[in-house]
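Below is one structure; the comments refer to it alone.
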Amino acid sequence: MNFDHMIYSVLSQIPFGHTVSYGALARSAGFPNHSRHVGRLLKNLPKDTQLPWHRVVNSQGKISLPQGSDGYTEQRQRLQSEGIPIINDKINKPYFLG
DNA sequence: GTGCTGACAAACG
DNA sequence: CCGTTTGCCAGCA
Numbered sequence: 109m110n111f112d113h114m115i116y117s118v119l120s121q122i123p124f125g126h127t128v129s130y131g132a133l134a135r136s137a138g139f140p141n142h143s144r145h146v147g148r149l150l151k152n153l154p155k156d157t158q159l160p161w162h163r164v165v166n167s168q169g170k171i172s173l174p175q176g177s178d179g180y181t182e183q184r185q186r187l188q189s190e191g192i193p194i195i196n197d198k199i200n201k202p203y204f205l206g
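Structure follows, in structure tokens:
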């Protein structure tokens, strides 16, 4: 089991309508200090991935992409389509796994 | 091998 | 609230 596989595994188990932070996701996969690498994985995900990458936000409850970028808009839309309220660019919902 | 980068995070001031 | 500093570590040149 490598890091990537574990992260994918945990990510795929995030329930609909929930969010996780990068750090929480890494910890849950058994890698306490790899929050940054989660971001790297998400960045490398193919456009057509089935994984709920949009459920991953930073510890501030915000989308960790430059505002106005395609990714930002994409993620924000997906989150709202799951019923996750976003106030002032912040996720107004408790994290799953932390 | 070295040095820099980064979809992070916590601790400060 | 904001900006800075520090710790972290897999990729990449």
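Residue numbering for the first sequence follows this note's numbering, starting at 109 and increasing by one per position. Ideal placement from N, C-alpha and C gives every residue a C-beta, glycine not left out.
On the DSSP bridge assignment, give the partners of residue i in chain order.
| i | result |
| --- | --- |
| lysine 170 | Lys198 |
| threonine 127 | Tyr203 |
Quick test of your reading: residue i and residue j, contact by CB under 8 Å. State the CB separation rounded to the nearest angstrom.
| i | j | result |
| --- | --- | --- |
| glycine 131 | serine 120 | Between serine 120 and glycine 131 the Cβ distance is about 18 Å, and since that is not below 8 Å, they are no contact. |
| valine 146 | valine 165 | Between valine 165 and valine 146 the Cβ distance is about 11 Å, and since that is not below 8 Å, they are no contact. |
Do residue j and residue i have their beta-carbon atoms positioned less than 9 Å apart in this structure?
| i | j | result |
| --- | --- | --- |
| proline 117 | valine 128 | It should be noted that the sequence gives serine, not proline, for residue 117. No; because the gap between Cβ atoms is not below 9 Å, this pair is not in contact. |
| glycine 179 | tyrosine 203 | no |
| isoleucine 195 | arginine 184 | no |
| isoleucine 122 | phenylalanine 139 | no |
Going by alpha carbons, who is nearest to residue i out of the options?
| i | options | result |
| --- | --- | --- |
| asparagine 152 | Asp112, Ile199, Ile195 | Asp112 |
| threonine 134 | Leu149, Gly125, His126 | Per the sequence shown, the amino acid found at residue 134 is alanine instead of threonine. Looking at the Cα atoms, Leu149 is the closest of the given residues. |
| histidine 126 | Ile195, Met114, Gln185, Gly191 | Gly191 |
| phenylalanine 124 | Gln175, Leu159, Phe139 | Leu159 |
| glutamine 175 | His162, Asp197, Pro193, Leu187 | Asp197 |
| glutamine 188 | Leu205, Ile115, His162, Ser167 | His162 |
| isoleucine 156 | Asn200, Glu182, Ile199, Leu205 | What sits at residue 156 in the sequence shown is aspartate, not isoleucine. Comparing Cα positions, the closest option is Glu182. |
Legend entry - Inside the segment 109-163 only - alpha helix (DSSP H) runs reaching at least 4 residues: 111-120, 130-136, 143-152
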